[in-house]
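Novice:
Number of protein chains: 2
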Amino acid sequence: MAELARTPRQIGSLVRRARKRRGWSQTQLGEKAGLRQETISLIETGNPATRLETILAVLAALDLEFRLAARSKGQPADIEALF
Amino acid sequence: MAELARTPRQIGSLVRRARKRRGWSQTQLGEKAGLRQETISLIETGNPATRLETILAVLAALDLEFRLAARSKGQPADIEALF
DNA sequence: TACAATTATAGGGCTTGACGCATATTTTCT
DNA sequence: AGAAAATATGCGTCAAGCCCTATAATTGTA
Numbered sequence: 008m009a010e011l012a013r014t015p016r017q018i019g020s021l022v023r024r025a026r027k028r029r030g031w032s033q034t035q036l037g038e039k040a041g042l043r044q045e046t047i048s049l050i051e052t053g054n055p056a057t058r059l060e061t062i063l064a065v066l067a068a069l070d071l072e073f074r075l076a077a078r079s080k081g082q083p084a085d086i087e088a089l090f
Numbered sequence: 008m009a010e011l012a013r014t015p016r017q018i019g020s021l022v023r024r025a026r027k028r029r030g031w032s033q034t035q036l037g038e039k040a041g042l043r044q045e046t047i048s049l050i051e052t053g054n055p056a057t058r059l060e061t062i063l064a065v066l067a068a069l070d071l072e073f074r075l076a077a078r079s080k081g082q083p084a085d086i087e088a089l090f
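Here the protein sequences line up with chains D and A, keeping their order.
For the first sequence, the working numbering gives the first residue as 8, with consecutive numbering after it.
For the second sequence, the working numbering gives the first residue as 8, with consecutive numbering after it.
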């Protein structure tokens, strides 16, 4: 129900999966998040220097959110449900 | 067990709580994360333009991690355990 | 209250994000 | 294959991060 997001690349690929699952193009997601298609592209490819506010805007547009938790060695949580 | 982190300010205050719970100064956290004390200060006060890689480094130093999940209207999860 | 530690600010410097605009490349579909 | 859509790149511009060095302001404590 929650997916591990430790690196920019992990976050990027999760964003891409979530976007595709919704059937949106990068341009469409960009419009919803107030960003350009190029910016979405960079995020999805794992740009490590993306601004915090920028990814938060993308997550909001996807109706997703970050949760802060202790690092777990256990199961990475399920993927199916959301992406 | 997981704390909601939707805005830079929420993230900043959670970082601060986690750091203090560990009894570390900003300088100490900075050393562990490979960052300067000033940078930690900015993050904790909610700087929205912090780089993604930077907050991820801070979380790792605190042995925390982000998890990506669907936005929940429900309970914000418990605070006690980690911070 | 005075001292020590911690945290917040400031300026110069290099790097880079995101914008705007254009285009190349890749993928998708008929 | 060919056309259309989607995605990745490139360039100039402005704003800002984080570094480094200092220093002010705040907090905690003897």
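Don't be surprised by glycine CBs; every beta carbon is placed ideally from N, CA and C.
Check the Cβ-Cβ distances between Ala76 (chain D) and every residue of chain A, and say whether any is below 8 Å.
Specialist: Ala76 (chain D) counts as touching chain A.
Novice: The beta strand (DSSP E) spanning Ala67 (chain A) covers which residue range?
Specialist: Counting along the chain, Ala67 (chain A) falls outside any beta strand (DSSP E), though it belongs to the alpha helix (DSSP H) covering 59–68.
Novice: Can you look up Arg43 (chain D) in the DSSP assignment and give me helix, strand or coil?
Specialist: It is coil, neither helix nor strand.
Novice: For the beta strand (DSSP E) that contains Ala25 (chain D), what are its first and last residues?
Specialist: No beta strand (DSSP E) holds Ala25 (chain D); the alpha helix (DSSP H) holding it covers 15–28.
Novice: List the endpoints of the continuous beta strand (DSSP E) containing Arg74 (chain A).
Specialist: That run of the beta strand (DSSP E) goes 71–77.
Novice: At 9 Å on the CB atoms, spell out the chain D contacts of Arg13 (chain A), in chain order.
Specialist: Within chain D, the residues near Arg13 (chain A) are Leu63, Leu66, Ala67, Glu72, Phe73.
Novice: Looking only at its own chain, which residues have a Cβ that is under 8 Å from the Cβ of Leu49 (chain A), when we skip the five neighbours before and after it?
Specialist: Answer for Leu49 (chain A): Thr57, listed in chain order.
Novice: Any beta-carbon of chain A closer than 8 Å to the one on Glu10 (chain D)?
Specialist: Yes, Glu10 (chain D) lies at the interface with chain A (some Cβ there is under 8 Å from its Cβ).
Novice: To the nearest angstrom, how far is the alpha carbon of Gly30 (chain D) from that of Thr34 (chain A)?
Specialist: For Gly30 (chain D) and Thr34 (chain A), the distance between alpha carbons rounds to 45 Å.
Novice: Taking Cβ positions only, does Arg58 (chain D) come closer than 8 Å to chain A?
Specialist: For Arg58 (chain D), the answer is yes, since a Cβ of chain A falls inside 8 Å of its Cβ.
Novice: When we look at the beta-carbon of Thr28 (chain D) and count the other beta-carbons within 10 Å, is it buried (16 or more) or exposed?
Specialist: According to the sequence as given, residue 28 (chain D) is Arg; it is not Thr. Answer is exposed; the Cβ neighbour count stays below 16.
Novice: Under 8 Å, do Ala68 (chain A) and Ala40 (chain A) count as touching if we go by C-beta distance?
Specialist: Yes, Cβ-Cβ distance for Ala68 (chain A) and Ala40 (chain A) is below 8 Å.
Novice: Let me confirm a value: Arg43 (chain A) is counted as buried when at least 16 other C-beta atoms fall within 10 Å, else exposed. Which label applies?
Specialist: The residue is exposed, with fewer than 16 neighbouring Cβ atoms inside 10 Å.
Novice: Which residues in chain A have a C-beta closer than 9 Å to the C-beta of Leu42 (chain D)? List them in chain order.
Specialist: Here the premise fails: no neighbours, minimum Cβ distance about 14 Å.
Novice: With burial defined as no fewer than 16 other Cβ atoms inside 10 Å of the residue's Cβ, what is the status of Ile86 (chain D): buried or exposed?
Specialist: With a pLDDT of 48 at Ile86 (chain D), under the threshold of 50, the modelled position of this residue cannot be trusted, and the question is left open.
Novice: Can you have a look at Glu45 (chain A) and say buried or exposed, based on whether 16 or more other CB atoms are within 10 angstroms of its CB?
Specialist: Result: exposed.
Novice: For Leu21 (chain D) and chain A, any beta-carbon pair shorter than 8 Å?
Specialist: Judged by the 8 Å Cβ criterion, Leu21 (chain D) is in contact with chain A.
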